[in-house]
Amino acid sequence: MTTKDEVQEISEQAQVPEVDSKYRLIILAAKRSKQLQRGARPRIDIDTLKHKNTRIALEEVMRGRVNFTVTNDGAEEE
Numbered sequence: 080m081t082t083k084d085e086v087q088e089i090s091e092q093a094q095v096p097e098v099d100s101k102y103r104l105i106i107l108a109a110k111r112s113k114q115l116q117r118g119a120r121p122r123i124d125i126d127t128l129k130h131k132n133t134r135i136a137l138e139e140v141m142r143g144r145v146n147f148t149v150t151n152d153g154a155e156e157e
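Residue numbers (my numbering): 80 to 157.
1) With DSSP collapsed to three states, give me the class of Thr133.
2) Got a sec? Which residues, its chain only, sit under 7 Å from Gln116 by beta carbon, not counting five neighbours each side?
3) Out of Gln114, Met141 and Ala119, which one is the CA nearest neighbour of Glu97?
4) Just verifying my parser: in three-state terms, what is the DSSP assignment at Ile106?
5) Using the C-alpha atoms, what's the distance from Ile105 back to Gln114?
6) Quick one: is Ser112 buried, meaning 16 or more other Cβ sit within 10 Å of its Cβ, or exposed?
7) Count the other C-beta atoms from every protein chain shown that fall within 10 angstroms of the C-beta of Ile125, then say buried if there are 16 or more, exposed otherwise.
Here it is as structure tokens:
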């Protein structure tokens with residue numbers, strides 16, 4: 080489980096220019112995590128037995144592997 084401190088550290092290190100806040104980062108990762116839970120394949124090379132879907136999704140967003148657009152209602156993943 081990702082702790083609050085880890086989320087803070089990750090959001091500070093995130094170099095994704097489109098992600099303008101730590102809250103948007105978490106929302107994007109949560110949506111991607113749901114996709115992974117439903118059977119989507121990871122977009123990064125990572126050991127899925129050692130890492131949970133939430134961590135994989137967060138890494139994907141941070142590495143720019145998750146495409147999304149920002150709308151008035153929030154982020155929409157593509």
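For every residue, glycine included, the Cβ atom is placed at its ideal position computed from N, Cα and C.
Short version:
1) Working through the sequence shown from its first residue, we reach residue 133 at position 54. Thr133: helix per DSSP, three-state reduction.
2) One-based indexing of the sequence shown puts residue 116 at position 37. Cβ within range, chain order: Asn132.
3) Sequence index remark: in the sequence shown, residue 97 carries index 18 (1-based). Residue Met141 holds the alpha-carbon nearest to the alpha-carbon of Glu97 among Gln114, Met141 and Ala119.
4) Here residue 106 refers to the residue found at position 27 of the sequence shown. Helix.
5) The sequence position of residue 114 within the sequence shown is 35, counting from 1. The sequence position of residue 105 within the sequence shown is 26, counting from 1. Their backbone Cα atoms lie some 14 Å apart in a straight line.
6) Mapped onto the sequence shown, residue 112 falls at position 33. With at least 16 other beta carbons inside 10 angstroms of its own, Ser112 counts as buried.
7) As a working mapping, residue 125 is identified with position 46 in the sequence shown. So Ile125 counts as exposed.
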